[in-house]
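Numbering-wise, UniProt numbering puts 138 at position 138 of the sequence shown, and it's gapless, one number per residue.
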Amino acid sequence: MSSTNSEFKPQVNEVNAVIDKLTEHITNNQDRLDFLDILHQFRHTFDTSTATQAHVTIHHTIPTADARPTSVRPFYKTPQQREVLHKEVEKLLHDNVIRGSTSPWASPVILKKKPDGTYRFIVDFRRLNAVRKKDAYPQPTTEELLNRLAGHRFFTKLDLKSG
């Protein structure tokens, strides 16, 4: 990757702007101040200038039983899309989000254009998912999940950017 990390460093004001945006809907002033205090305490969480990753010792496998590996040809990409794809792969390699592989399994990448003109990097795992061994435990129903949320005041979501 030819760019330097300094190009990606957000200014302190940018992180503050993100935090302010996250709390602008809170009308009770004391609740807003309490929430701001927590968000500022964990402000490093909102700094996306450098990639971070969890360090785990779990070895992940996808059970496919006796299925033969599938290798799907890459989809056609324009020269502009190939350049975007190359840069994104280089960035993911540099950030240790992905690594090289010699697996006989191969799934194609799709670049989906977002409203802002940038691309979303998507891997089409449909063929792999079709042969993977399904989990034996049942997932909770939507009704059960909503019942678990009853009585709580704050809800969060987790956006796993780039892996």
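No residue lacks a Cβ here, since even glycine has one placed at the ideal position from N, Cα and C.
Below 8 Å, how does it come out for the segment 81-90 and the segment 146-154: are there three or more Cβ pairs, yes or no? No: fewer than three Cβ pairs fall under 8 Å.
Inter-residue spacing [alpha-carbon to alpha-carbon] between G117 and L111: 11 Å
Work out the CA separation of R32 and K113 for me, nearest whole Å. 36 Å
Cutoff 8 Å; reference residue 170; Cβ partners in own chain excluding five residues on either side: Since the displayed the chain opens at 1 and closes at 163, residue 170 lies outside it and no answer follows.
Tell me, please, which residues DSSP counts as bridged to A106. Per DSSP, S71.
Cβ pair count under 8 Å reaching 3, the segment 38-55 against the segment 13-25: yes
Return the residue from the list R153, K134, D95, I58 that minimises the CA-CA distance to T48. D95
Starting from V123, trace the beta strand (DSSP E) in both directions and tell me its first and last residue. In this chain, the beta strand (DSSP E) harbouring V123 covers 119-123.
Thinking just about the alpha-carbon of each residue, which of S103, V72, K134 is nearest to the one in A65? K134
What is the DSSP secondary structure of E133, reduced to helix, strand or coil? Before going on, a small fix: residue 133 reads as Lys here, not Glu. In this structure, K133 counts as coil in the three-state DSSP scheme.
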